[in-house]
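Numbering (this note's numbering), first residue to last: 2 to 98.
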């Protein structure tokens, strides 16, 4: 199944964080430190939202961009057994280059 976000929404495949293990092989519970953004890759994005004068405002992100966004941003979406996050473009803090 494919998904095409509408307006200024962006579908992101979130990168999994590394698990920390003890010397004995136990997996430690990880907490996301406050203020540390999530990182992911843009899988799909809408065409942009409309301005009040009726012109379309183009998106600043494109498919393939690596972006940083808040862990609390957007909605989790499950598609074909994979988990994604759907956010508004305004919730994206930066494009990693």
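Heads up, the beta-carbon is just placed ideally off N, CA and C, and yes, glycines get one too.
Cutting at 7 Å between CB atoms, please list the residues of its own chain near residue i, excluding the five before and the five after it.
i: residue 2; result: 80 and 81
Bridge partners for residue i per DSSP, in chain order?
i: residue 80; result: 83
i: residue 45; result: 12
i: residue 67; result: 42 and 97
i: residue 88; result: 11
Just the Cα atoms here: how many angstroms apart are residue i and residue j?
i: residue 77; j: residue 11; result: 12 Å
i: residue 56; j: residue 7; result: 16 Å
i: residue 75; j: residue 62; result: 16 Å
i: residue 1; j: residue 53; result: Limits of the chain in this structure are 2 at one end and 98 at the other, which puts residue 1 out of reach.
i: residue 86; j: residue 58; result: 22 Å
i: residue 1; j: residue 27; result: Only positions 2 to 98 of the chain appear in this structure, which leaves residue 1 out of reach.
i: residue 16; j: residue 23; result: 22 Å
i: residue 50; j: residue 42; result: 21 Å
i: residue 73; j: residue 25; result: 33 Å
i: residue 97; j: residue 90; result: 15 Å
Return yes when at least one heavy atom of the ligand FAD lies under 8 Å from the C-beta of residue i, else no.
i: residue 42; result: As for the ligand FAD, it is missing from this structure, which has no ligand bound.
Leaving out five residues on either side along the sequence, give the residues of the same chain with a beta carbon under 6 Å from the beta carbon of residue i.
i: residue 1; result: Lying before the first or after the last residue shown, residue 1 is absent from the chain, which here runs from 2 to 98.
Starting from the C-beta of residue i, find all residues in its chain whose C-beta is less than 8 Å away, skip the five residues before and the five after it, and write them out in chain order.
i: residue 71; result: 38, 39, 92 and 94
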